[in-house]
Amino acid sequence: MERAAGRTVDIRTRAVPAEGGGGGPATARHDDGRRAGVERGPSDARLVRRAQRGSRDAAAALVARHWPAAHRAALGVTGSAASADDVAQDAFERAFAGLAGFDARRPFAPWLHRIVVNRALDLLRRERRLVGLDALGEGPAGPDRGDEGGDPAALRALAALDPDRRAVVVLRYLLDYRPPEIAEMLGIPVGTVNSRLGRALAELRARLEADGG
Amino acid sequence: MDDLERRLRDLRHQLPDPPEESRRRVERAVLEALRARQRPARPRWVVVAASLAIGACAAGAALAATDNLDVRIGPPKEPAAAPAPGPVRVPAGLDGVALVAGDRLWLGTRSGLGVQGLAVSAAELSPSALYAAVGIGGSLVAMAPDGREAWSHPTGGRVVAAAWAPNPIVVAYVVRRGERNELRVIEGNGRNDQLVDADVGRARPSWRADTHAIAYVGADGRPRVADYPGLASREVDAPPGRVSAVAFAPDGERLALARAEGGLAVSVRGDEASGGWVPLGGRRTALAALAWGTSQELLVGGADPSDPSGARLWRVFAGAMGVGKPSAQAPAAGLAALAPLGDDRVVAAVRTGRGVQVWEADLPSGEAALAPTRVLLRVPAPTGAPVALSTR
Chain A
1 MERAAGRTVD IRTRAVPAEG GGGGPATARH DDGRRAGVER GPSDARLVRR
51 AQRGSRDAAA ALVARHWPAA HRAALGVTGS AASADDVAQD AFERAFAGLA
101 GFDARRPFAP WLHRIVVNRA LDLLRRERRL VGLDALGEGP AGPDRGDEGG
151 DPAALRALAA LDPDRRAVVV LRYLLDYRPP EIAEMLGIPV GTVNSRLGRA
201 LAELRARLEA DGG
Chain B
1 MDDLERRLRD LRHQLPDPPE ESRRRVERAV LEALRARQRP ARPRWVVVAA
51 SLAIGACAAG AALAATDNLD VRIGPPKEPA AAPAPGPVRV PAGLDGVALV
101 AGDRLWLGTR SGLGVQGLAV SAAELSPSAL YAAVGIGGSL VAMAPDGREA
151 WSHPTGGRVV AAAWAPNPIV VAYVVRRGER NELRVIEGNG RNDQLVDADV
201 GRARPSWRAD THAIAYVGAD GRPRVADYPG LASREVDAPP GRVSAVAFAP
251 DGERLALARA EGGLAVSVRG DEASGGWVPL GGRRTALAAL AWGTSQELLV
301 GGADPSDPSG ARLWRVFAGA MGVGKPSAQA PAAGLAALAP LGDDRVVAAV
351 RTGRGVQVWE ADLPSGEAAL APTRVLLRVP APTGAPVALS TR
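Residue numbers (the numbering used here), protein chains in the order written: chain A, 1 to 213; chain B, 1 to 392.
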């Protein structure tokens, strides 16, 4: 490290892995952040570096690439399209506000999804705390009407899960993260992830059976 | 993988794509966040020093070109945290102040409710500021200090405006559903939600003082009034043009209308002195605020984007609607919302270069500039973000 004219000049050599890969899951993710295939166009790492240098085009490209998956993650956890809009937008704003401190060698999507899911859980907890839903005996809101896709029974069952269990199910099955990755994203032990997944699946099976689906 | 796990994986293909409008909104917000974090240009000597440092490492530069060298110049890139806005200061004469700026809520009440920076879509205080009706995600939420009953009502869309009746047993709210906005009413305990009009504008509805009528703007831009609790709706007999805001006077009879098409104009219905539209400002003047003052006058804020001298604030006495000059000039950055405070004072939400400030201010006479006697709140907000103010 050198000092030049009162400012820190930090010149380091690092073994940087190939773009789009290192530091994260072994497989690259598609433009919606899911694990599969190879990224098309500039890698996330390259876009992140350009966005860190102030490139609006790179920032817009990151939004276009990651918005659908981030929105689906928020929708899966909150069960509400309107809440998903708010949560996903808030997560993007926070991510880009802190982008300068993000290590571009790390994969962008898990970092963003971590913010999305934690913001969604924060929102659900805050709503419960503010309005005392538990005390009033009301459950969380189900999916907005019109949001239901081709398996409404599964969506209803997912929406009825406790938010913490719903979050691990969304990360595991909708976003394809492995339990160790989920544990890191949520800041909980891998064992807790596995037990939440196990209980969530058991609850989902019971609900679907009761629902005739 | 069993059948259930397969069904869960398939859900990813069945969840709806997010609307294009939301992607554009987040892109705007992200670009704004990026712009706000841009550093000012470095002094020339820093650039020279940096060039020398980098030039001395030619081999390193070659590596850098292949992204195998991380060259960092200057202090760590972690941005300095913006100063957190403090709690809302409630001025004498009020029970509470709520500001929504850039989809964030700052709220303070004498009854002990305080919120800072909560992501919301709309907020409105109840009489005496005992509650706040807040749009959070896809719900209308009644927030209250500890010990008071509160509730949440799923609305199926974002609440874009709300108005708590003078008699605090009912809330009117506008909710975005698909491509339309619905006007609905819900009782103060969160029950008996009813549709008033399935296709309305986004303007904030206004209750008559006796709570037996709600004024609002229809989807066609025409002013309408619905009876309450009957909910029969009719168009108000008003001069032609699209209305952008409505406000019942505290006396319960007069209804102020503002038009922002072809220049700002106001009209008062239920007052014999009024007739057609009374123009305020030039043809490009747009409405920034409409509120009734405590001296039975209308307070009207307007801004002309081509006029750098600032937004204008008119005091319009309904018995003398022929107003030619503005009564005051708001700061150049722009007036965003107004609320009367009594004794010729107002609470004003003012746009600044870096966000929004809430001022307590004396209403100036003539064309003097509006200036704060006290700044109640400073919050960051993106340029041009919608601003709404609710006081009680």
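Every residue gets a Cβ at the ideal spot worked out from N, C-alpha and C, and that includes glycine.
- Interface flag for L140 (chain B) against chain A is unset, since no Cβ pair is found closer than 8 Å.
- The beta carbon of L174 (chain A) sits closer than 8 Å to some beta carbon of chain B.
- Listed in chain order, the non-local C-beta contacts of R180 (chain B) below 6 Å within the same chain comprise D199, local neighbours out to five positions each way being set aside.
- With contact defined as three or more Cβ pairs closer than 8 Å, the stretch 171–188 of chain B and the stretch 198–212 of chain B are in contact.
- For L4 (chain B), the residues of chain A that pass the 9 Å Cβ criterion are A154, L201, L204, R205 and L208, in the order they occur in the chain.
- Shown here, L204 (chain A) sits in a helix according to DSSP, grouped into three states.
- A213 (chain B) and A226 (chain B) do touch by the CB rule: their CB atoms are close to 7 Å apart, below 8 Å.
- Under the three-state reduction of DSSP output, Y173 (chain A) falls in the helix class.
- Contact with chain A is absent for L107 (chain B), since none of that chain's Cβ atoms lies less than 8 Å from the residue's Cβ.
- For the C-beta of S83 (chain A), the chain B residues within less than 7 Å are, from N- to C-terminus, G137 and G138.
- When DSSP reads this structure, Y173 (chain B) sits in a beta bridge with B:A162 and B:R184.
- About 18 Å separates the beta carbon of A303 (chain B) from that of L99 (chain B), a gap too long to meet the 8 Å contact definition.
- Listed along the chain, the chain B residues whose CB falls inside 9 Å of the CB of L47 (chain A) amount to none; the nearest CB is some 12 Å away.
- Between the C-alpha atoms of A91 (chain A) and R119 (chain A) there is a straight-line separation of about 7 Å.
- Along the stretch 64–94 of chain A, going in chain order, the ones with a CB nearer than 8 Å to a CB of chain B are A64, W67, P68, H71, R72, L75, G76, T78, S80, A81, A82, S83, A84, D85, D86, V87, A88, Q89, D90, F92 and E93.
- DSSP places H153 (chain B) within a strand segment (E or B) once states are collapsed to three.
- Nearest C-alpha to R9 (chain B) among A:D162, A:A183 and A:L175: A:L175.
- Taking 8 Å as the cut-off, the beta carbon of L313 (chain B) is found closer than this to the beta carbon of A328 (chain B).
- Boundaries of the alpha helix (DSSP H) harbouring L8 (chain B): D3 to Q14, taken from the DSSP string.
- If you draw a straight line from the Cα of E182 (chain B) to the Cα of A163 (chain B), it comes to about 14 Å.
- In this structure, the CA atom of A150 (chain B) is about 22 Å from the CA atom of P87 (chain B).
- Of B:I186, B:P91, B:R392 and B:R351, the smallest CA-CA separation from A142 (chain B) is found for B:I186.
- Annotation: Cβ neighbours of L123 (chain A) in chain B (cutoff 8 Å, chain order): A119, I136 and G137.
- The beta carbon of A311 (chain B) sits closer than 7 Å to those of A288, G301, G302, A303, A330, G334 and L335, all from its chain and outside the five residues before and after it, given in chain order.
- About 4 Å separates the beta carbon of L264 (chain B) from that of T285 (chain B), a gap short enough to meet the 8 Å contact definition.
- Looking at the backbone, the Cα of G76 (chain A) and that of W277 (chain B) are separated by about 50 Å.
- The C-beta distance from R50 (chain A) to A58 (chain A) rounds to 4 Å, short enough to fall under 8 Å.
- Assignment of T109 (chain B) by DSSP, reduced to helix, strand and coil, places it in the strand class.
- The Cβ neighbour count for A368 (chain B), taken over all protein chains shown within 10 Å, is under 16; the residue is labelled exposed.
- Interface residue (Cβ-Cβ distance to chain A less than 8 Å): Q14 (chain B) is classified as such.
- G281 (chain B) has its alpha-carbon roughly 11 Å from the corresponding atom of D307 (chain B).
- Counting only residues of its own chain and dropping the five nearest sequence neighbours on each side, A70 (chain A) has a CB closer than 8 Å to the CB of G33, A88, A91, F92, L112, H113 and V116.
- For G114 (chain B), no CB of chain A lies under 8 Å from its own CB, so it is not counted at the interface with that chain.
- According to the DSSP assignment, E124 (chain B) belongs to no alpha helix (DSSP H) but to the beta strand (DSSP E) extending over A122 to L125.
- Among the residues facing chain A, P240 (chain B) is not included, as its CB has no counterpart in that chain under 8 Å away.
- Close partners of D151 (chain A) in chain B (Cβ separation under 8 Å): R7, D10, L11 and Q14.
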